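Read the structure below first, then the notes.
There are 2 protein chains.
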Amino acid sequence: MDLTEVLLTSERIYEGRILNLRRDRVRLPDGREASREVVEHPGAVAIIALDKEKNVYLVRQYRYPIGRVTLEIPAGKLDAGEEPLLCAQRELAEEVGLAATEWQLLLAFYTTPGFSDEIMYLFLATGLKPHREEADADEFLEVVRLPLPEAVAQIFKGTIQDAKSIAGLLAAARTVQA
Amino acid sequence: MDLTEVLLTSERIYEGRILNLRRDRVRLPDGREASREVVEHPGAVAIIALDKEKNVYLVRQYRYPIGRVTLEIPAGKLDAGEEPLLCAQRELAEEVGLAATEWQLLLAFYTTPGFSDEIMYLFLATGLKPHREEADADEFLEVVRLPLPEAVAQIFKGTIQDAKSIAGLLAAARTVQA
């Protein structure tokens with residue numbers, strides 16, 4: 000069966016700082032119509048930064064949409080036209096104060112394909128050394144270093160509750176042990 | 000350091016069918032101000048449905064925001080006031096045509112805490128038996144059954160590119176083997 004939904008009309012609802020919103024009418028596979036709300040996002044990167052002792056670097060930050068401080072892997076949005084690898088290098092320097100000699104794209108995934116087009120590129124960064132760059136003016140972070148198995152344990156204890164961090168840490172744990 | 004951002008003013012931008020959008024002004028930890036765009040979402044569930052032979056049930060569906068057919072674990076949005084477990088039982092019946100005698104909450108996580116409040120409850124369902132309920136009228140799905148290790152392999156081959164499915168399958172693989 001062809002599952003494709005075909006665009007009929009599109010309405011721009013909002014053009015913002017980090018996202019846009021549109022509402023489309025589409026034709027469904029059975030010929031009927033439906034509406035689809037789409038959050039347009041520039042895409043993002045996330046980084047598993049792993050040192051020689053198999054520690055991983057995490058960041059504590061306040062996430063306004065959920066009203067909570069979270070523990071996450073470092074991450075950030077792509078600037079317009081920015082290469083994911085360059086973005087990951089910039090974010091690792093800004094958020095954690097590190098550079099890496101080895102970069103590997105572990106996975107690329109969609110964070111919420113039901114309502115957004117956000118794609119996220121997940122990198123494994125090794126060969127770490129200090130390298131600080133100026134962070135975004137409205138970001139406040141605390142860096143936390145944990146052994147990778149301990150970070151994985153925090154997922155199942157419920158202290159790491161961020162989807163990209165869960166996917167990234169579990170993927171890295173398989174890759175590193177393999 | 001107190002990382003909390005404090006609401007100053009809030010502007011409702013859109014009230015929609017599956018999401019709302021608002022834009023808030025906030026006071027940052029250093030006293031300056033910033034704007035925060037927040038997609039309000041009702042929350043969701045996702046299900047690892049595992050049979051006695053350790054096969055997992057996946058769904059192929061067209062995801063309009065990314066313009067692609069994806070392979071994902073079954074999932075769905077919470078109705079207003081709905082208990083996550085009841086939602087998971089409903090979605091498993093609607094999308095896959097199964098009921099389960101054993102339900103375990105594996106994880107709860109935020110899909111995109113940078114711009115949305117969506118929380119997702121991930122269940123492990125076992126003791127499966129046929130039980131079909133009528134699906135949403137605008138959902139078109141194909142069910143795929145795979146051995147769990149094969150589903151995990153599809154993540155690293157890039158054929159499963161959905162964050163909740165990656166997090167869920169990798170979490171289940173650890174739980175089931177342990």
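Residue numbers (numbering that gives the first Met the number 0), protein chains in the order written: chain A, 0 to 177; chain B, 0 to 177. Ideal placement from N, C-alpha and C gives every residue a C-beta, glycine not left out. Keep in mind that this is a model prediction, so the values were computed, not measured.
In this structure, what does DSSP give as the bridge partners for B:Q164?
-> Position 165 of the second sequence holds residue 164 of chain B. With the sequence shown as reference, residue 164 of chain B is identified as Ser, and Gln is not the correct amino acid for it. None; B:S164 has no bridge partner.
Comparing the C-beta of A:E133 with each C-beta of chain B, is any distance below 9 Å?
-> The sequence position of residue 133 of chain A within the first sequence is 134, counting from 1. Judged by the 9 Å Cβ criterion, A:E133 is not in contact with chain B.
A:P148 by DSSP, collapsed to three states: which one?
-> Here residue 148 of chain A refers to the residue found at position 149 when the first sequence is read from its first residue. If DSSP states are grouped into helix, strand and coil, A:P148 belongs with the helices.
In whole angstroms, what separates the C-alpha of A:A98 from that of A:V55?
-> Position 99 of the first sequence holds residue 98 of chain A. Position 56 of the first sequence holds residue 55 of chain A. Going from the Cα of A:A98 to the Cα of A:V55 covers about 14 Å.
Go ahead and pull the three-state DSSP assignment for B:K178.
-> Since the displayed chain B opens at 0 and closes at 177, residue 178 of chain B lies outside it and no answer follows.
Does the segment 73–84 of chain A touch the segment 31–50 of chain A, meaning 3 or more C-beta pairs lie closer than 8 Å?
-> yes
Would you give the residue range spanned by the alpha helix (DSSP H) that A:E90 belongs to?
-> In the first sequence, the residue the question calls residue 90 of chain A occupies position 91. P83 to E90 is the extent of the alpha helix (DSSP H) around A:E90.
Min CB distance B:Y13 to chain A below 9 Å = For the purposes of this step, residue 13 of chain B is identified with residue 14 of the second sequence, where counting begins at 1. So yes, B:Y13 belongs to the interface.
Label B:H40 either buried or exposed according to how many other C-beta atoms from any shown protein chain fall within 10 Å of its C-beta, with 16 as the threshold for buried.
-> The count along the second sequence starts at 1 and reaches residue 40 of chain B at position 41. So B:H40 counts as buried.
Please determine, among A:L168, A:Q160 and A:R131, the residue with the shortest C-alpha to C-alpha distance to A:L145.
-> Working through the first sequence from its first residue, we reach residue 145 of chain A at position 146. Cα-wise, what sits closest to A:L145 is A:L168.
In the DSSP assignment, find the beta strand (DSSP E) that holds A:G62 and state where it starts and stops.
-> Position 63 of the first sequence, counting from 1, holds the residue named residue 62 of chain A. Residue 62 of chain A is actually Arg in this sequence, not Gly. Here the beta strand (DSSP E) through A:R62 covers N54 to R62.
Out of A:Q88, A:E82 and A:E10, point me to the one whose CA is closest to A:V25's CA.
-> For the purposes of this step, residue 25 of chain A is taken as residue 26 along the first sequence, with counting starting at 1. Closest option to A:V25, Cα to Cα, is A:E10.
Can you tell me which of the three DSSP states B:K189 falls into?
-> Examination of residue 189 of chain B is not possible in this model, given that chain B is present from 0 through 177 alone.
With 16 as the cutoff for other CB atoms within 10 Å, does A:P64 come out buried or exposed?
-> Counted from its first residue, the first sequence places residue 64 of chain A at position 65. Classification of A:P64: buried, given that the 10 Å Cβ count is 16 or more.
Any contact of the segment 73–93 of chain A with the segment 120–133 of chain A, i.e. 3+ C-beta pairs under 8 Å?
-> yes
Quick one, are the C-beta atoms of A:L106 and A:L85 less than 9 Å apart?
-> For this step, residue 106 of chain A is matched to residue 107 along the first sequence. For this step, residue 85 of chain A is matched to residue 86 along the first sequence. Taking 9 Å as the Cβ cut-off, A:L106 and A:L85 do not qualify as a contacting pair.
Using a threshold of 9 Å, state whether the C-beta atoms of B:V37 and B:F108 are closer than that.
-> For this step, residue 37 of chain B is matched to residue 38 along the second sequence. For this step, residue 108 of chain B is matched to residue 109 along the second sequence. No, the Cβ-Cβ distance between B:V37 and B:F108 is not below 9 Å.
Neighbourhood of A:V58 by C-beta, 8 Å cutoff - its chain only, sequence neighbours within 5 removed | On the first sequence, residue 58 of chain A is found 59 positions in, with the first residue counted as 1. The answer, listed in chain order, is L70, E71, I72, P73, E94, V95, L140, E141, V142 and V143.
Is DSSP giving A:L169 helix, strand or coil here?
-> Reading the first sequence from its first residue, position 170 is the one you call residue 169 of chain A. Residue state, collapsed to three classes: helix.
Any heavy atom of the ligand ATP closer than 8 Å to the Cβ of A:E39?
-> For the ligand ATP, the structure offers nothing, since it holds no ligand at all.
So with Cβ pairs under 9 Å, would you call B:K53 a contact of chain C?
-> Here chain C cannot be found, since the structure's protein chains are A and B.
Could you please give the first and the last residue of the uninterrupted beta strand (DSSP E) stretch that includes B:T111?
-> Indexing the second sequence from 1 puts residue 111 of chain B at position 112. First-last for B:T111: undefined, no H or E at that position.
Let me know the beta strand (DSSP E) ranges lying completely inside the segment 119–145 of chain B, each 3 residues or longer, listed in chain order.
-> none
DSSP-derived helix/strand/coil call for B:R47 = Within the second sequence, the letter at position 48 stands for residue 47 of chain B. Here residue 47 of chain B turns out to be Ile, not Arg, going by the sequence shown. Three-state result, B:I47: strand.
Report the neighbours of B:Y63 on chain A: residues whose CB is nearer than 8 Å to its CB, in chain order.
-> Here residue 63 of chain B is taken as the residue at index 64 of the second sequence, counted from 1. Chain A residues near B:Y63: E4, D23, V25, R35 and V37.
State the start and end residues of the unbroken beta strand (DSSP E) segment that holds B:S115.
-> Taking the first residue of the second sequence as position 1, residue 115 of chain B is located at position 116. Taken as a continuous stretch (DSSP letters only), B:S115 belongs to no beta strand (DSSP E), as it is neither H nor E.
Closer than 7 Å at the beta carbon, the chain B residues around A:L20 | For the purposes of this step, residue 20 of chain A is taken as residue 21 along the first sequence, with counting starting at 1. The answer, in chain order, is Y13 and L20.
Contacts around A:K27, its chain only, beta-carbon distance under 7 Å, and the 5 residues preceding and following it disregarded | Taking the first residue of the first sequence as 1, we reach residue 27 of chain A at position 28. The amino acid occupying residue 27 of chain A in the given sequence is Leu; Lys does not appear at that position. Around A:L27, the same chain offers E4 and A33 as residues with beta carbons nearer than 7 Å, after the five sequence neighbours per side are excluded.
Taking the C-alpha atoms as reference points, what is the distance between B:P83 and B:A43?
-> On the second sequence, residue 83 of chain B is found 84 positions in, with the first residue counted as 1. On the second sequence, residue 43 of chain B is found 44 positions in, with the first residue counted as 1. About 7 Å.
Opposite B:D23 in the DSSP bridges: which residues?
-> Sequence index remark: in the second sequence, residue 23 of chain B carries index 24 (1-based). B:D23 is bridged to B:S9 and B:R35.
With 9 Å set as the bound, which would you pick, yes or no: does the beta-carbon of B:F114 sit closer than that to a beta-carbon of chain A?
-> Stepping through the second sequence from its first residue, residue 114 of chain B is reached at position 115. Taking Cβ atoms only, chain A reaches closer than 9 Å to B:F114, which makes this a yes.
Since I believe B:K53 is in contact with B:M119 (beta carbons under 8 Å), could you give me their beta-carbon distance rounded to a whole number of angstroms?
-> The residue given as residue 119 of chain B occupies position 120 in the second sequence. The residue given as residue 53 of chain B occupies position 54 in the second sequence. Contact check for B:M119 and B:K53: beta-carbon distance about 23 Å, past the 8 Å limit, so the pair fails to qualify.
Hey, could you find the ends of the beta strand (DSSP E) B:E71 is sitting in?
-> Sequence index remark: in the second sequence, residue 71 of chain B carries index 72 (1-based). Counting along the chain, the beta strand (DSSP E) containing B:E71 begins and ends at R67 to E71.
Nearest neighbour of B:V175, chosen from B:F155, B:Q103, B:Q160 and B:P112 [CA to CA] | Stepping through the second sequence from its first residue, residue 175 of chain B is reached at position 176. The shortest Cα separation from B:V175 among B:F155, B:Q103, B:Q160 and B:P112 belongs to B:Q103.
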